[in-house]
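In order, the protein sequence lines correspond to chains A and B.
Heads up, the numbering used here is the position in the first sequence plus 171, with the first residue counted as 1.
Heads up, the numbering used here is the position in the second sequence plus 171, with the first residue counted as 1.
Okay, so here's the structure we're looking at.
2 protein chains.
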Amino acid sequence: MKSICGVEGVTATGIKEGRYGLALVRAEGEAAGVFTSNLMKAPPIRLMQERVRDGRLSAVMVNSGCANAYTGQRGYEDALSMAEIGAKALRVPAGEVGVASTGVIGRYLDLPLIRDQCGRIASRLERSEQAEVLAARAIMTTDLTEKHALVQREGFAVGGICKGSGMIAPNMGTMIALIYTDAAVPAPLLQKELRTAAGRTFNRVVVDGDMSTNDIALCTATGRAGKVDAKEFTVALEECCRMLAVQIAADGEGATRLLEVTVTGAPAEEDASTVARTVVASPLVKTAVYGADPNWGRVIAAAGRAGVDFDPDHVNLWMGDGTARIPLVSDGAIVVDLAKAKALMQGKKVVFFLDLASGKAEATAWGCDLTEKYVEINGRYTT
Amino acid sequence: MKSICGVEGVTATGIKEGRYGLALVRAEGEAAGVFTSNLMKAPPIRLMQERVRDGRLSAVMVNSGCANAYTGQRGYEDALSMAEIGAKALRVPAGEVGVASTGVIGRYLDLPLIRDQCGRIASRLERSEQAEVLAARAIMTTDLTEKHALVQREGFAVGGICKGSGMIAPNMGTMIALIYTDAAVPAPLLQKELRTAAGRTFNRVVVDGDMSTNDIALCTATGRAGKVDAKEFTVALEECCRMLAVQIAADGEGATRLLEVTVTGAPAEEDASTVARTVVASPLVKTAVYGADPNWGRVIAAAGRAGVDFDPDHVNLWMGDGTARIPLVSDGAIVVDLAKAKALMQGKKVVFFLDLASGKAEATAWGCDLTEKYVEINGRYTT
Numbered sequence: 172m173k174s175i176c177g178v179e180g181v182t183a184t185g186i187k188e189g190r191y192g193l194a195l196v197r198a199e200g201e202a203a204g205v206f207t208s209n210l211m212k213a214p215p216i217r218l219m220q221e222r223v224r225d226g227r228l229s230a231v232m233v234n235s236g237c238a239n240a241y242t243g244q245r246g247y248e249d250a251l252s253m254a255e256i257g258a259k260a261l262r263v264p265a266g267e268v269g270v271a272s273t274g275v276i277g278r279y280l281d282l283p284l285i286r287d288q289c290g291r292i293a294s295r296l297e298r299s300e301q302a303e304v305l306a307a308r309a310i311m312t313t314d315l316t317e318k319h320a321l322v323q324r325e326g327f328a329v330g331g332i333c334k335g336s337g338m339i340a341p342n343m344g345t346m347i348a349l350i351y352t353d354a355a356v357p358a359p360l361l362q363k364e365l366r367t368a369a370g371r372t373f374n375r376v377v378v379d380g381d382m383s384t385n386d387i388a389l390c391t392a393t394g395r396a397g398k399v400d401a402k403e404f405t406v407a408l409e410e411c412c413r414m415l416a417v418q419i420a421a422d423g424e425g426a427t428r429l430l431e432v433t434v435t436g437a438p439a440e441e442d443a444s445t446v447a448r449t450v451v452a453s454p455l456v457k458t459a460v461y462g463a464d465p466n467w468g469r470v471i472a473a474a475g476r477a478g479v480d481f482d483p484d485h486v487n488l489w490m491g492d493g494t495a496r497i498p499l500v501s502d503g504a505i506v507v508d509l510a511k512a513k514a515l516m517q518g519k520k521v522v523f524f525l526d527l528a529s530g531k532a533e534a535t536a537w538g539c540d541l542t543e544k545y546v547e548i549n550g551r552y553t554t
Numbered sequence: 172m173k174s175i176c177g178v179e180g181v182t183a184t185g186i187k188e189g190r191y192g193l194a195l196v197r198a199e200g201e202a203a204g205v206f207t208s209n210l211m212k213a214p215p216i217r218l219m220q221e222r223v224r225d226g227r228l229s230a231v232m233v234n235s236g237c238a239n240a241y242t243g244q245r246g247y248e249d250a251l252s253m254a255e256i257g258a259k260a261l262r263v264p265a266g267e268v269g270v271a272s273t274g275v276i277g278r279y280l281d282l283p284l285i286r287d288q289c290g291r292i293a294s295r296l297e298r299s300e301q302a303e304v305l306a307a308r309a310i311m312t313t314d315l316t317e318k319h320a321l322v323q324r325e326g327f328a329v330g331g332i333c334k335g336s337g338m339i340a341p342n343m344g345t346m347i348a349l350i351y352t353d354a355a356v357p358a359p360l361l362q363k364e365l366r367t368a369a370g371r372t373f374n375r376v377v378v379d380g381d382m383s384t385n386d387i388a389l390c391t392a393t394g395r396a397g398k399v400d401a402k403e404f405t406v407a408l409e410e411c412c413r414m415l416a417v418q419i420a421a422d423g424e425g426a427t428r429l430l431e432v433t434v435t436g437a438p439a440e441e442d443a444s445t446v447a448r449t450v451v452a453s454p455l456v457k458t459a460v461y462g463a464d465p466n467w468g469r470v471i472a473a474a475g476r477a478g479v480d481f482d483p484d485h486v487n488l489w490m491g492d493g494t495a496r497i498p499l500v501s502d503g504a505i506v507v508d509l510a511k512a513k514a515l516m517q518g519k520k521v522v523f524f525l526d527l528a529s530g531k532a533e534a535t536a537w538g539c540d541l542t543e544k545y546v547e548i549n550g551r552y553t554t
């Protein structure tokens, strides 16, 4: 297995017809969710915020092609109807069906299509690699690759699928992550753990804490593996979320390279995170990465405007490709070997390590380069 | 006259040789300045922050081609030397010479070249349209057009030149504005007025309050026109700054269209400004403007994540080209006529009017579209 079907108690399936897809995942258990902080919340998000408070889900269904966003009261009722369609097909209480939508905004859900697709695939739910791949593909929109993560530990597993590829700040490319574990974790603790893990992973890709109208990450704990070590679960959940987050960054619209920025020597983790996200979001850094230009000045200047206090004249900066790394700036002095640095930027991954020399905290953020292709994709979206 | 030479008591000149230019402006009087808020401040900025506290300038010199940024203590001494070169050539006290630099960062000033250029042009200072054009051209870097503004009022004038064209957030394309007035305004008041005007104009182009390592706006009041009505001066200064700010936005790197966003119905001006700047900075809005796509959803979604409280389901949104305007969203309902809206987006200017329906304050921000050309320019800067 590659992802959710590696978790005990989870079955899945999916269908994709043109731009319209539907994924079904059946898994009963304690549940938690984190949601977009955008004021313009799509109706399914509002519904799920209420539903997650009950702390229990039996199934999740996600449609792609229509975001059911900016659709008002009718959109909310449509989200309810979508959950009822799933409940009937899977024979579970409608109140325990999670729903999420992604796609074009300002249009109503095509409920007859969703009913038809759901009816055709509900009987195909199974626990297999093929099934989790079908589900992961069904939720893709502008994604070029399906996204899976599976973290296996002694006695339990955490697995997830996700979609998302609009990766420049501000991000409007909806991120949807469905995460499962067979560890027994009570809903309130699961909620706390998911919030922390998402803060350190998804929210460091979707820069500026900026999320679309439909962003959602749901986690269901089936409990089939029984109680597990709390610390081990925390680490495993964060690792699963990070694996998914990195895949979203690498699949950024038009991206040719993954950009990873690790900030160390910060006064607090929040400071490190702010600086890392600011650098990763900088169009000038992103275009430099695209052009394989080891532009240390743009990195330090982006850090300098992040609102965190440090002395730019005493920072250390390295650059790497995920394996090797070389110094660019050492205690404020420029030490870059331009030819070597350029050579290190030719691969699929560029990593900056920035030591602020102002403390002991650190954080990592992920993004991608900014290319002509991004402009092309987003300049011609509705036309 | 088009700009600074329309102000009594101002003479100017400039020279541009390849990428290296030098502008000289001679004008004695009370002086004020606003500076980049980036922690990574170039040495000439640090020098000018000290010098402006004295409240008096007799001349300003600006070199282009080298930003004298990230150059440490030697950079600071070089900035002092540059001022001394100007002081000697113009026979004014070195402490009353303002200096600013723009260009490549991480390199030392070429002082012999600056001394040579200064020596050759100092005797050519004059009050003429040709002179102000030479000065405006001398400070250009990636700018495609020279930038002038002149506001004439009964009895006094405010004029300025500026450079700047790196226009996407985060902006690293240095903005330098030299503003002059013949109104008699004491330095402390001038400082206050300049800060307010810059906050409403330059800081609404250079989005997120985000400025480069070298951004500076200086204003000198020669007093030749004597005392003027305080309110009239405030309005004239802001108008001059706005005229310059709009030219910077329109000359954004790779831009094909000026983007103007006016937010009304906000609880406070600061809120309106935050929302307007967030919309103007949104890559998705910018690419939509490039693609002539009347994407109301991206505008409202960008507003929704600005951190200002309003109800997205009750906003009003219009779009125009600077003359005509048509509604896109009315009290939360989508009312756009797509064909008409697309037709309105074919010109050099696209304006969005967003009424948050949550108060009485308003603000305007300026930017430009995001094009493949921007990526090309910034992806191949040092290579």
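Even glycine gets a Cβ: it sits at the ideal position worked out from N, Cα and C.
Quantities reported herein were computed from a predicted structural model and do not represent experimental measurements.
| field | Whole-angstrom distance between B:I387 and B:N234, CA atom to CA atom | value | Reading the second sequence from its first residue, position 63 is the one you call residue 234 of chain B. Reading the second sequence from its first residue, position 216 is the one you call residue 387 of chain B. C-alpha separation (whole angstroms): 13 Å.
| Which residues, in chain order, does the region 266 to 277 of chain A contribute to contact with chain B at a C-beta distance below 9 Å? | Contact annotation: in the region 266 to 277 of chain A, residues whose CB is within less than 9 Å of a CB in chain B are V275, I276, G277.
| request: Take A:K457 and list the residues in its own chain whose beta-carbon comes closer than 6 Å to its own, dropping the five residues that flank it on each side. | output: Working through the first sequence from its first residue, we reach residue 457 of chain A at position 286. A distance below 6 Å between beta-carbons, with the five flanking residues on each side excluded, links A:K457 to the following residues of its chain, in chain order: D540, L541.
| How about A:N385: is its C-beta nearer than 8 Å to some C-beta of chain B? | The count along the first sequence starts at 1 and reaches residue 385 of chain A at position 214. At a cut-off of 8 Å between beta carbons, A:N385 makes no contact with chain B.
| request: Would you tell me roughly how many angstroms separate the C-alpha atoms of B:V275 and A:K519, rounded to the nearest one? | output: Within the second sequence, the letter at position 104 stands for residue 275 of chain B. Within the first sequence, the letter at position 348 stands for residue 519 of chain A. The alpha-carbon separation between B:V275 and A:K519 amounts to approximately 28 Å.
| field | Inter-residue CB distance, A:R469 and A:S453 (contact presumed, cutoff 8 Å) | value | The residue given as residue 469 of chain A occupies position 298 in the first sequence. The residue given as residue 453 of chain A occupies position 282 in the first sequence. Contact flag correct, Cβ pair sits at about 7 Å.
| Nearest-angstrom Cα distance between A:D464 and B:E325? | Indexing the first sequence from 1 puts residue 464 of chain A at position 293. Indexing the second sequence from 1 puts residue 325 of chain B at position 154. About 52 Å.
| Proximity winner among A:D480, A:V521, A:A474, relative to A:G493 (alpha-carbon distances) | Locating residue 493 of chain A in the first sequence gives position 322, where the first residue counts as 1. For the residues A:D480, A:V521, A:A474, the minimum Cα distance to A:G493 belongs to A:V521.
| request: Could you name the residues of the same chain whose beta carbon sits closer than 6 Å to that of A:G177, not counting the 5 residues immediately before and after it, in chain order? | output: Here residue 177 of chain A corresponds to residue number 6 of the first sequence, with the count starting at 1. So the qualifying residues of the chain are L321, A328, G330.
| message | A:T313 and A:S336 - do their beta-carbons sit closer together than 8 Å? | response | The residue given as residue 336 of chain A occupies position 165 in the first sequence. The residue given as residue 313 of chain A occupies position 142 in the first sequence. It is a contact, given that the beta carbons lie within the stated cut-off.
| field | Delimiting residues of the beta strand (DSSP E) encompassing A:E440 | value | By 1-based counting over the first sequence, the position of residue 440 of chain A is 269. Segment 440 to 452 is the alpha helix (DSSP H) holding A:E440; no beta strand (DSSP E) there.
| task | Could you pull out every residue in the same chain whose Cβ sits closer than 6 Å to the Cβ of A:R278, ignoring the five residues on either side in sequence? | result | Numbered from its first residue, the first sequence carries residue 278 of chain A at position 107. C237.
| message | Against chain A, does B:R217 count as a neighbour if the rule is that its beta carbon must be under 8 Å from one of theirs? | response | Indexing the second sequence from 1 puts residue 217 of chain B at position 46. For B:R217, no Cβ of chain A is located within less than 8 Å of the residue's own Cβ.
| query | Is the shortest distance between the beta-carbon of B:F523 and the beta-carbons of chain A less than 8 Å? | reply | On the second sequence, position 352 is the one that residue 523 of chain B refers to. Contact of B:F523 with chain A is not assigned, every C-beta pair being separated by 8 Å or more.
| Would B:T184 pass as a contact of B:A355 if the rule is Cβ separation under 8 Å? | For the purposes of this step, residue 184 of chain B is identified with residue 13 of the second sequence, where counting begins at 1. For the purposes of this step, residue 355 of chain B is identified with residue 184 of the second sequence, where counting begins at 1. It is not a contact, given that the beta carbons lie outside the stated cut-off.
| query | Within 8 Å (strictly less), CB to CB, does A:P438 reach chain B? | reply | As a working mapping, residue 438 of chain A is identified with position 267 in the first sequence. At a cut-off of 8 Å between beta-carbon atoms, A:P438 makes no contact with chain B.
| query | Per DSSP, what kind of secondary structure is B:I387 in: helix, strand or coil? | reply | By 1-based counting over the second sequence, the position of residue 387 of chain B is 216. When DSSP states are grouped into helix, strand and coil, B:I387 belongs to the strand group.
| task | Pull up the distance between the alpha-carbon of B:G423 and that of B:V376, whole angstroms please. | result | As a position in the second sequence, residue 423 of chain B is number 252, starting the count at 1. As a position in the second sequence, residue 376 of chain B is number 205, starting the count at 1. When the Cα atoms are used, B:G423 and B:V376 turn out to be separated by approximately 10 Å.
| request: Return yes when the Cβ of A:I186 is within less than 8 Å of the Cβ of A:I292, no when it is not. | output: Translated into positions along the first sequence, residue 292 of chain A becomes position 121. Translated into positions along the first sequence, residue 186 of chain A becomes position 15. Using a Cβ distance threshold of 8 Å, A:I292 and A:I186 count as a contacting pair.
| request: Within 10 angstroms of the Cβ of A:L509, are there 16 or more other Cβ atoms? Answer buried if so, exposed if not. | output: For this step, residue 509 of chain A is matched to residue 338 along the first sequence. Exposed, because fewer than 16 other Cβ atoms sit within 10 Å of the Cβ of A:L509.
| task | Select from the region 445 to 463 of chain B all residues with a C-beta closer than 9 Å to any C-beta belonging to chain A, and list them in chain order. | result | Residues of the region 445 to 463 of chain B whose Cβ lies closer than 9 Å to any Cβ of chain A, in chain order: T449, A452, S453, P454, L455, V456, K457, T458, A459, V460, Y461, G462, A463.
| request: Out of A:P357, A:C333, A:M232, state which residue places its alpha-carbon closest to the alpha-carbon of A:R286. | output: As a working mapping, residue 286 of chain A is identified with position 115 in the first sequence. When each option's Cα is compared against that of A:R286, the closest is A:M232.
| task | Could you tell me if B:T182 is buried or exposed, where buried requires 16 or more neighbouring beta carbons within 10 angstroms of its beta carbon? | result | Working through the second sequence from its first residue, we reach residue 182 of chain B at position 11. Under a 10 Å Cβ-count criterion, B:T182 is classified as buried, with 16 or more other Cβ atoms of the shown protein chains found around its own Cβ.
| query | To which residues of the same chain is A:E441 closer than 7 Å at the C-beta, ignoring the five residues directly before and after it? | reply | Walking along the first sequence from the start, residue 441 of chain A turns up at place 270. No residues qualify anywhere along the chain.
| Any idea which residues DSSP pairs A:F206 with across the strands? | Position 35 of the first sequence, counted from the start, is the residue given in the question as residue 206 of chain A. A:I387, per the DSSP bridge assignment.
| Interface residues of chain A around B:G243 at Cβ under 9 Å? | In the second sequence, the residue the question calls residue 243 of chain B occupies position 72. D484, G503, A504, listed in chain order.
| query | Counting along the chain, where does the alpha helix (DSSP H) carrying A:I471 start and finish? | reply | For the purposes of this step, residue 471 of chain A is taken as residue 300 along the first sequence, with counting starting at 1. For A:I471, the enclosing alpha helix (DSSP H) has its first and last residue at 467 to 475.
| query | Is it buried or exposed for A:M338, if we count other Cβ within 10 angstroms and need 16 for buried? | reply | Counting from one through the first sequence, the residue named residue 338 of chain A turns up at place 167. Residue confidence is low: A:M338 scores 48 on pLDDT, short of 50, so the model does not pin down where it sits. No coordinate-derived value is stated.
| said: Our contact map puts A:K334 next to A:I350 with C-beta atoms below 8 Å; I'd like the distance itself, whole angstroms only. | reply: Within the first sequence, numbered from 1, the residue matching residue 334 of chain A stands at position 163. Within the first sequence, numbered from 1, the residue matching residue 350 of chain A stands at position 179. Actually they are not in contact, since the Cβ atoms of A:K334 and A:I350 sit about 13 Å apart, beyond 8 Å.
| said: I need the DSSP call for A:A407, collapsed to helix, strand or coil. | reply: Translated into the one-based positions of the first sequence, residue 407 of chain A becomes position 236. In the displayed model, A:A407 falls within a helix according to three-state DSSP.
| field | Opposing strand residues paired with B:M253 [DSSP bridges] | value | The residue you call residue 253 of chain B lines up with position 82 of the second sequence. B:M253 pairs with nothing; no bridge assigned.
| said: Under 8 Å, Cβ to Cβ, is there at least one residue of chain E near B:A388? | reply: Here chain E cannot be found, since the structure's protein chains are A and B.
| said: Give me the subset of the region 209 to 239 of chain B whose CB atoms are less than 7 Å from a CB atom of chain A, sorted by chain position. | reply: For the region 209 to 239 of chain B, the set of positions with a beta-carbon nearer than 7 Å to some beta-carbon of chain A reads N209, L210, M211 in chain order.
| query | Going by the beta-carbon positions, is the gap between B:A474 and B:V500 smaller than 8 Å? | reply | For this step, residue 474 of chain B is matched to residue 303 along the second sequence. For this step, residue 500 of chain B is matched to residue 329 along the second sequence. No.
| Residue-chain proximity (B:E547, chain A), Cβ-Cβ < 8 Å | Working through the second sequence from its first residue, we reach residue 547 of chain B at position 376. It does; some Cβ of chain A falls within 8 Å.
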